[in-house]
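Student:
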Ligand code: AMP
Ligand code: MG
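Numbering (my numbering), first residue to last: 105 to 414.
#1: I need the straight-line Cα distance from residue 280 to residue 238, nearest angstrom please.
#2: So within the segment 109 to 156, which uninterrupted alpha helix (DSSP H) runs reach at least 4 residues, ignoring any that extend past its ends?
#3: Quick check: is the beta carbon of residue 268 nearer than 8 Å to any beta carbon in chain D?
#4: Whole angstroms are fine: how far does the CA of residue 333 sit from the CA of residue 162?
#5: Is any heavy atom of ligand 2 found at a distance shorter than 7 Å from the C-beta of residue 277?
#6: Hey, would you say residue 289 sits closer than 8 Å to residue 312, going by beta carbons?
#7: Closer than 7 Å by C-beta to residue 408: which residues in its own chain qualify, once you throw out the five before and the five after it? Chain order, please.
#8: Please list the terminal residues of the continuous alpha helix (DSSP H) segment that includes residue 346.
#9: Within the present structure, is the beta-carbon of residue 242 separated from the nearest heavy atom of ligand 2 by less than 7 Å?
#10: Which partner residues does residue 246 have in the DSSP bridge list?
#11: Contact defined as beta carbons within less than 8 Å: I believe residue 357 pairs with residue 250. What is the distance between those atoms, to the nearest angstrom?
#12: Please classify residue 290: does DSSP put it in a helix, a strand, or coil?
#13: From residue 169 to residue 218, what distance separates their C-alpha atoms?
#14: Rounded to a whole number of angstroms, what is the C-alpha to C-alpha distance between residue 119 and residue 165?
#15: Straight-line CA distance for residue 309 to residue 286?
#16: Exposed or buried, what is residue 240 when buried is set at 16 or more other beta-carbons lying within 10 Å of its beta-carbon?
#17: Looking at the unbroken beta strand (DSSP E) that takes in residue 162, where does it start and where does it end?
#18: Does DSSP put residue 227 in a helix, a strand or coil?
#19: Would you check if the distance between the CB atom of residue 349 and the CB atom of residue 395 is smaller than 8 Å?
#20: In terms of residue numbering, what span does the beta strand (DSSP E) encompassing residue 216 cover?
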């Protein structure tokens, strides 16, 4: 990918003034602000209409920068070395003298941190003197943005600048792990759980229960395109859009496919953009065919299940 340094400079200037800028990442686009600035973090909450009790993920260039704000252990280092930069978020203990805004954390003593892989955003992070608080660049509880055009659609002129970086290559949010004690997973995401388990060589407890929300990405209605969704549908109703993993023949106007050949990674990449397309085409509801619950299919099913709590 060609990197336009003038664009990065523009984003840098705005961020230095505690303004918000949308940034591309390999998972989804983020709505970024200086994580050390209360002013910037307040703006993020306001723009997203995000409840103040839902803390923000903070993005770092590398673990050297992270050291200033958080403590971490060997389990973290093992995963960091293998998967970072990449689609994994860690819950860590904040250091007492950390400069992270208490608005970002909602006064929690822990911080969710990530190291995004997208070259444009890595370049930006390297040029800044602070990490970026950057939750997904969408209105709270709605579908995440996987392209700069999605961000524009959701926020219009309310965001000062959108740093463009093409379509997100993974297309699903990061996997959230808490390794402070026994490894726990708080949100399924773009990095498969089985791969994390293999690397740690340890059991990972799933803590993804929406009734006890410790990570609001777990909350019931989330990732919603704003119309009802029915899952595991074999027979669709009149007027419904039919979302399927793989191309089916004969093709009909209301059939939408996530991948030509049924590849789950490609499906993940296309999930949110396809849901947006269906909504834009004025369908009033979506029926989803069964999607295999393996690999990234697990994350796709998790998102569709939450989106179906309409
Ligand atoms: P998003 O805001 O869409 O990028 O998602 C970030 C997710 O990380 C949300 O579900 C947050 O609730 C979660 N999160 C942020 N900080 C923490 C934390 N300290 N402990 C647990 N989850 C967190
Ligand atoms: Mg989000």
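For every residue, glycine included, the Cβ atom is placed at its ideal position computed from N, Cα and C.
Just so we're clear, the structure is a prediction, and the values are computed from it rather than from any experiment.
Tutor: Result, derived from the coordinates:
#1: 15 Å
#2: 109 to 120 and 142 to 152
#3: In summary, chain D is missing from the structure at hand, where a single protein chain is found.
#4: 31 Å
#5: yes
#6: yes
#7: 333, 335 and 392
#8: Where residue 346 is concerned, there is no enclosing alpha helix (DSSP H), although the beta strand (DSSP E) it sits in stretches over 345 to 350.
#9: yes
#10: 328
#11: Residue 357 to residue 250, Cβ: 23 Å. No contact.
#12: strand
#13: If you draw a straight line from the Cα of residue 169 to the Cα of residue 218, it comes to about 12 Å.
#14: 15 Å
#15: 8 Å
#16: buried
#17: 161 to 163
#18: Assignment of residue 227 by DSSP, reduced to helix, strand and coil, places it in the helix class.
#19: yes
#20: In the DSSP annotation of this structure, the continuous segment of the beta strand (DSSP E) that includes residue 216 starts and ends at 214 to 218.
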